[in-house]
């Protein structure tokens, strides 16, 4: 009887230890990241542009779309540039950070032609997440001369750069 009780006690210790570590693992790697997966990520925009462009102010930033959001939604990094920003738009691919930190490509001078009827416009689609003034400024920048843009070269991403308006944006409408 004593031996059975000792074995039962050891078995319970093993099961409780396993349950404890499984619970800790689940908390750290499953529940916590989902809880902290914020739609507003204040450092994302700074991370996208750091080391490449002088960021004076983050205007809007969102690295992930909400877990319960539509399958396709907006992510973006929009910044006001410092006075020492380059005239020509830079391009970079940060292999270490991943595709979410890519900026630029084959730049085209604005103004951009209005998109065809069967295509969506990144700014119109994502405008619900920004102040009206920012949406207006982005559209004015894209559809008037003096800026540069890359549209759909990499998936569903719009890159926008204007030294004149001191504006840089990475807007993605995707999964």
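In UniProt numbering, the protein residues as written are 1 to 175. Cβ atoms here follow ideal geometry from the backbone N, Cα and C, with glycine treated the same way.
Item, Value
"Beta-bridge partners of residue 162, as assigned by DSSP", "167"
"Helix, strand or coil at residue 45 [DSSP, three-state]", "helix"
"Top-ranked residue by Cα proximity to residue 164, from 12, 174, 151 and 144", "144"
"Nearest to residue 159 (by Cα), restricted to the options 2, 15, 59 and 76", "76"
"Residue of 10, 12 and 108 minimising C-alpha distance to residue 161", "108"
"Residue 134 - containing alpha helix (DSSP H), residue span", "132 to 142"
"Residue 2 - DSSP class collapsed to helix/strand/coil", "helix"
"Same chain, Cβ closer than 6 Å to residue 84, five either side skipped, listed in chain order", "54"
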